[in-house]
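Trainee:
Residue numbers (full-length UniProt numbering): 1 to 950.
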């Protein structure tokens with residue numbers, strides 16, 4: 001029994017061990033199968049991942065089969081150089097190829113046609129892809145190198161890779177894949193043949209045969225070893241080609257010869273002979289263009305998009321915005337005008353139709369040979385297309401560069417726009433007077449200044465003193481922001497800010513023309529969107545086609561953006577289209593008049609060596625510059641440039657309908673007094689119709705002209721004691737204190753400030769008025785004090801009569817028997833009265849004698865008129881450090897003071913126009929009020945304006 005138990009115990013132990021081993025084996029089997037399954041899963045996932053990755057890389061790869069048509073020997077892009085056309089697509093402006101060099105296709109195999117020099121073929125393989133014949137088209141050992149390594153990859157990068165694809169490892173892998181696909185599809189011989197026919201050698205040479213002809217004047221089939229080395233050196237460093245850098249090209253040629261010797265391509269005698277061989281290099285021929293400055297701009301813009309190599313390689317047809325006929329007329333008209341300015345005047349070509357429209361030059365126009373140049377831009381304001389663009393042009397021809405120049409008074413429309421947006425109007429009163437400090441005298445004689453003007457007149461006639469005052473009110477930040485908003489990206493202030501309006505920093509003509517187009521297009525800036533500023537830019541290119549005529553998708557999109565309200569644009573346009581306003585300085589007729597509605601501005605800068613003319617109609621904007629960079633050159637005056645503008649505008653509008661600009665809603669016409677710009681009073685000598693924003697109409701009555709009673713013999717102000725037969729009424733211009741000195745120097749009649757010396761007999765101390773003072777201004781309830789007493793006093797009474805010599809008297813104090821000793825005589829209620837009055841005190845004695853005392857005063861019960869045109873209600877300012885607060889204030893008699901109250905606190909006070917205050921802006925919500933007090937004490941508080949600074 002015990003043995004059985006022992007056997008069973010042993011047996012159980014064996015069974016447990018067997019079960020344990022079985023469990024271990026089963027677990028191991030399961031783990032092994034799990035690992036195998038996991039490995040297979042990972043492998044599958046890797047395969048799927050690689051497949052997905054490959055699919056992603058190759059999904060948008062260009063088809064390598066496009067190379068067949070691109071590099072077709074007879075009809076491919078390779079044999080068609082890029083050409084630039086005018087807007088019709090018919091006139092060739094420029095062909096991107098070396099003149100006289102025809103692009104030809106050569107072969108590797110002489111049996112197929114003219115073949116490359118064998119040494120050239122061997123040299124390209126040995127130097128640029130030594131393992132070309134031994135491997136596929138891809139170098140997997142250079143996966144981290146973003147540059148093309150094999151000849152097939154060079155073909156792929158030049159002809160197939162998108163030019164805008166960003167650099168990175170994905171682009172590198174795609175380039176490797178394309179190279180491999182090209183070799184697999186076409187074989188290595190075809191790859192090498194295509195590469196030799198399309199590789200860049202510099203200076204517009206693509207393909208070895210074009211390079212051989214351009215550099216050496218011979219085909220690539222007939223090259224000696226020295227010439228082969230020269231081409232290989234240019235292929236390695238295209239920028240150092242024999243046409244652009246002959247010395248460097250020859251130095252590189254010697255290096256290539258030595259490398260060819262080391263590679264076994266040359267034996268020693270051949271090397272020595274080639275090293276010493278004389279190479280007859282061709283001189284570069286200029287690439288001719290019908291519009292060199294314009295085509296240079298177009299090439300630069302297309303190159304930014306496609307890359308210069310893609311552009312120069314060929315196969316593109318670029319339709320530009322240029323009007324070829326207009327361009328030729330621009331150049332020949334400028335050359336004709338320059339010829340007329342020569343000394344002696346040169347003969348004019350009879351083939352330039354627009355030049356026949358040049359107006360005659362003034363007799364005193366200076367003439368000098370070879371010192372002047374001219375340039376011009378014409379564009380369409382409705383779409384921003386550049387219709388004509390000439391480089392710096394001399395009598396000898398047009399340059400490929402167009403230089404910027406100081407704009408001078410061509411900035412006046414920008415100053416006007418900034419002012420009109422800040423409460424000014426074309427009718428705003430400005431003073432063209434010397435800007436001198438106390439005790440200073442002006443350098444210019446008084447006749448050089450025009451005194452009081454409407455802002456309209458100052459803007460079109462370049463009255464600098466007046467415009468500098470306006471600029472001081474507006475501020476540099478506002479003018480700069482206005483120019484930038486009009487698309488002038490390069491606008492900046494000069495170091496000497498005083499020269500801003502008369503000189504300014506140089507600006508390109510095209511930016512000026514594009515800014516002027518905003519006014520021509522009623523506040524809209526048109527063109528193509530620029531990524532840099534987001535503002536539309538001028539449009540140079542209408543479309544780009546490949547060699548098959550298929551349009552390419554361009555990155556620029558046409559755009560139209562409102563940058564100025566139609567109302568403000570109309571005000572600016574209305575000023576600069578005012579022909580009569582220009583007659584004061586330009587005379588009548590003048591070159592800025594073209595027989596149809598047009599806005600224009602002429603001006604000078606650089607001490608008169610630069611003259612400008614700019615203007616527009618609804619159909620076209622033209623800007624013309626004429627001048628000299630020679631320091632001692634004579635000043636041509638404004639008429640030569642204006643004459644060119646006149647001829648070009650008449651020529652380009654010859655078959656176009658006459659168009660104008662309708663007045664937009666929100667603009668009104670108001671009759672005002674000239675030059676105050678306020679509503680006409682009875683003394684206003686000149687009334688004009690002026691345009692205003694509907695919210696900015698004048699409300700005050702003109703106080704610049706006033707009627708005065710004068711003693712015609714003494715010229716002094718008449719008094720009640722002046723004999724009536726000597727009194728006459730005259731109208732005078734009342735100038736502010738800052739203009740008094742100029743007015744006297746200029747001989748301007750001023751109202752007398754002193755009263756007539758004709759007095760009553762010695763005043764009677766017992767019948768005397770002490771208050772108010774003689775000739776004072778009173779209003780409201782006026783207390784009259786004085787003395788009515790003395791011996792034999794019976795009674796006194798007070799009367800008032802209107803005018804210097806009243807014909808009727810009104811009693812203000814009935815006869816009273818109570819004498820007054822230096823006290824109140826009466827209280828005069830003047831609240832319904834206005835104008836000149838005489839107060840008469842009558843003292844009656846007991847013997848019926850009557851003693852009289854007379855006093856002359858001016859009654860003013862009309863409070864000042866005051867309005868805040870800028871800022872407007874609810875306006876929000878962003879990023880401005882200073883804000884010029886504007887007020888319009890007027891009074892019939894005279895102002896005592898004008899106060900500026902911001903957020904309940906007085907921040908400034910003035911008594912003379914212009915009523916403007918430059919305020920250091922603070923963030924937050926603000927409430928502005930202007931308080932005006934006149935000489936009689938009448939006070940007006942403007943309607944408050946709420947605005948915000950953030």
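Glycine residues also receive a C-beta, built at the ideal position from the N, C-alpha and C atoms. As the structure is a prediction and not an experimental result, all values here were calculated from the model.
1) Let me know if residue 685 comes out buried or exposed under the rule of 16 or more other beta-carbons within 10 Å of its beta-carbon.
2) On the criterion of 16 or more Cβ atoms from any shown chain inside 10 Å, does residue 775 qualify as buried, or is it exposed?
3) Name the DSSP bridge partner or partners of residue 926?
4) Going by C-alpha to C-alpha distance, which of 597, 381 and 693 sits closest to residue 650?
5) Using CA coordinates, which residue listed in 416, 695, 694 and 669 is at the minimum distance from residue 687?
6) Counting C-beta neighbours from all protein chains within 10 Å, is the total for residue 614 16 or more, i.e. buried, or is it exposed?
7) I need the straight-line Cα distance from residue 438 to residue 741, nearest angstrom please.
8) Can you tell me whether residue 583 is helix, strand or coil according to DSSP?
9) Can you give the Cα-Cα distance for residue 683 and residue 784, rounded to whole angstroms?
10) Between which two residues does the beta strand (DSSP E) carrying residue 909 extend?
11) For residue 394, which residues of its own chain have a beta-carbon under 6 Å away from its beta-carbon, when the five flanking residues on both sides are left out?
12) Short of 6 Å in beta carbon distance, which residues of its chain neighbour residue 585, apart from the five on each side in sequence? Order them along the chain.
13) Could you tell me if residue 677 is buried or exposed, where buried requires 16 or more neighbouring beta carbons within 10 angstroms of its beta carbon?
14) Using alpha carbons as the reference points, say which of 914, 904, 883 and 884 lies closest to residue 898.
15) Put residue 54 into one of helix, strand or coil per three-state DSSP.
16) Is it right to say residue 951 is buried, meaning 16 or more other beta carbons lie within 10 angstroms of its own, or is it exposed?
17) Cα separation between residue 641 and residue 517?
18) Could you round the C-beta distance between residue 316 and residue 562 to whole angstroms and report it? I think they count as a contact, below 8 Å.
19) Can you give me the Cβ contacts of residue 644 inside the same chain, cut-off strictly under 8 Å, excluding the 5 residues immediately before and after it?
20) Can you give the Cα-Cα distance for residue 736 and residue 609, rounded to whole angstroms?
21) Would you mind giving the Cβ-Cβ distance between residue 468 and residue 509, rounded to the nearest angstrom? I have them listed as a contact below 8 Å.
22) Write down the C-beta distance between residue 198 and residue 296 rounded to the nearest angstrom, noting that I regard them as a contact closer than 8 Å.
23) In the structure shown, what three-state DSSP assignment does residue 221 receive?
24) With DSSP run on the structure shown, which of helix, strand or coil describes residue 440?
25) Which of the three DSSP states is assigned to residue 1 in this structure?
26) Could you name the residues that DSSP lists as bridge partners for residue 516?
27) Specify the secondary structure class of residue 742 as computed by DSSP and reduced to three states.
28) For the pair the segment 83 to 97 and the segment 282 to 291, tell me if three or more CB-CB distances fall below 8 Å.
29) From residue 330 to residue 524, what distance separates their C-alpha atoms?
30) If you count every other CB in all the chains shown that lies within 10 Å of the CB of residue 825, and 16 or more means buried, which is it?
31) Exposed or buried, residue 766, counting other C-beta atoms within 10 Å across all chains shown (16 or more means buried)?
32) Using the Cα positions of residue 273 and residue 557, report the straight-line distance between them to the nearest angstrom.
33) Start and end of the beta strand (DSSP E) containing residue 771?
34) Checking the sheet assignment: what are the DSSP bridge partners for residue 711?
35) Which residue's Cα is closest to the Cα of residue 797: 176, 852, 777 and 803?
36) Just curious, the beta strand (DSSP E) that residue 689 is in, first and last residue?
Mentor: Quick look at the numbers:
1) Locating residue 685 in the chain shown gives position 685, counting from the first residue. Exposed, because fewer than 16 other Cβ atoms sit within 10 Å of the Cβ of residue 685.
2) For this step, residue 775 is matched to residue 775 along the chain shown. So residue 775 counts as exposed.
3) Counted from its first residue, the chain shown places residue 926 at position 926. Answer by DSSP bridge pairing, in chain order: 947.
4) On the chain shown, position 650 is the one that residue 650 refers to. Considering only alpha carbons, the answer is 597.
5) Along the chain shown, read from residue 1 onward, the residue named residue 687 stands at position 687. The candidate whose alpha carbon is nearest that of residue 687 is 669.
6) Here residue 614 corresponds to residue number 614 of the chain shown, with the count starting at 1. Under this definition residue 614 is a buried residue.
7) The residue you call residue 438 lines up with position 438 of the chain shown. The residue you call residue 741 lines up with position 741 of the chain shown. For residue 438, the pLDDT reaches just 42, beneath the cut-off of 50, and the residue's location in the model is therefore unreliable, leaving the point undetermined.
8) Within the chain shown, the letter at position 583 stands for residue 583. Three-state result, residue 583: helix.
9) Numbered from 1 along the chain shown, position 683 holds the residue referred to as residue 683. Numbered from 1 along the chain shown, position 784 holds the residue referred to as residue 784. C-alpha of residue 683 to C-alpha of residue 784: approximately 31 Å in a straight line.
10) As a working note, residue 909 is residue 909 in the chain shown. 905 to 910 is the extent of the beta strand (DSSP E) around residue 909.
11) Mapped onto the chain shown, residue 394 falls at position 394. Same-chain partners within the cutoff: 373.
12) Counting from 1 along the chain shown, the entry for residue 585 is found at position 585. Within the same chain, residue 585 has close Cβ partners 461.
13) What you label residue 677 is simply residue 677 of the chain shown in a count that begins at 1. Label assigned to residue 677: buried.
14) Here residue 898 refers to the residue found at position 898 when the chain shown is read from its first residue. With distances taken between Cα atoms, residue 898 lies closest to 914.
15) Within the chain shown, residue 54 is the residue found at index 54, counting from 1. Here the model assigns residue 54 a pLDDT of 48, short of 50, so the residue's position is not dependable, and the following value carries that caveat. Helix.
16) No answer is possible for residue 951: it lies beyond the span of the chain, which begins at 1 and ends at 950.
17) As a working mapping, residue 641 is identified with position 641 in the chain shown. As a working mapping, residue 517 is identified with position 517 in the chain shown. Going from the Cα of residue 641 to the Cα of residue 517 covers about 19 Å.
18) Indexing the chain shown from 1 puts residue 316 at position 316. Indexing the chain shown from 1 puts residue 562 at position 562. With 8 Å as the limit, residue 316 and residue 562 do not qualify as a contact, their Cβ atoms being about 35 Å apart.
19) Along the chain shown, one-based indexing puts residue 644 at 644. Its chain contains 333, 334, 337, 358, 374, 376, 613, 624 and 626 as the residues whose beta carbon lies nearer than 8 Å to that of residue 644, once the 5 sequence neighbours on both sides are disregarded; these appear in chain order.
20) Mapped onto the chain shown, residue 736 falls at position 736. Mapped onto the chain shown, residue 609 falls at position 609. For residue 736 and residue 609, the distance between alpha carbons rounds to 37 Å.
21) Here residue 468 refers to the residue found at position 468 of the chain shown. Here residue 509 refers to the residue found at position 509 of the chain shown. Not a contact, Cβ separation roughly 25 Å.
22) Residue 198 sits at position 198 when you count from the first residue of the chain shown. Residue 296 sits at position 296 when you count from the first residue of the chain shown. With 8 Å as the limit, residue 198 and residue 296 do not qualify as a contact, their Cβ atoms being about 25 Å apart.
23) On the chain shown, position 221 is the one that residue 221 refers to. Correct three-state label for residue 221: coil.
24) Here residue 440 corresponds to residue number 440 of the chain shown, with the count starting at 1. Here the model assigns residue 440 a pLDDT of 42, short of 50, so the residue's position is not dependable and the matter cannot be decided.
25) Start at 1 with the first residue of the chain shown, and residue 1 comes out as number 1. Reliability fails at residue 1, whose pLDDT of 43 lies under 50, so the model's placement of it is uncertain and no value is given.
26) Locating residue 516 in the chain shown gives position 516, counting from the first residue. In the DSSP output, where bridge partners are listed per residue, residue 516 has none listed.
27) Numbered from its first residue, the chain shown carries residue 742 at position 742. Here residue 742 sits in helix by DSSP.
28) yes
29) Residue numbering aside, residue 330 sits at position 330 when the chain shown is read from its first letter. Residue numbering aside, residue 524 sits at position 524 when the chain shown is read from its first letter. One C-alpha to the other measures close to 26 Å.
30) For the purposes of this step, residue 825 is taken as residue 825 along the chain shown, with counting starting at 1. Per the 10 Å Cβ criterion, buried.
31) Here residue 766 refers to the residue found at position 766 of the chain shown. By the 10 Å Cβ count, residue 766 comes out buried.
32) Within the chain shown, the letter at position 273 stands for residue 273. Within the chain shown, the letter at position 557 stands for residue 557. Going from the Cα of residue 273 to the Cα of residue 557 covers about 59 Å.
33) In the chain shown, counting from the first residue as 1, residue 771 sits at position 771. Its beta strand (DSSP E) spans residues 767 to 771.
34) Residue numbering aside, residue 711 sits at position 711 when the chain shown is read from its first letter. BP columns for residue 711 point to 727.
35) The residue you call residue 797 lines up with position 797 of the chain shown. The residue with the shortest Cα to Cα distance from residue 797 is 852.
36) Looking up residue 689 in the chain shown gives position 689. That run of the beta strand (DSSP E) goes 687 to 693.
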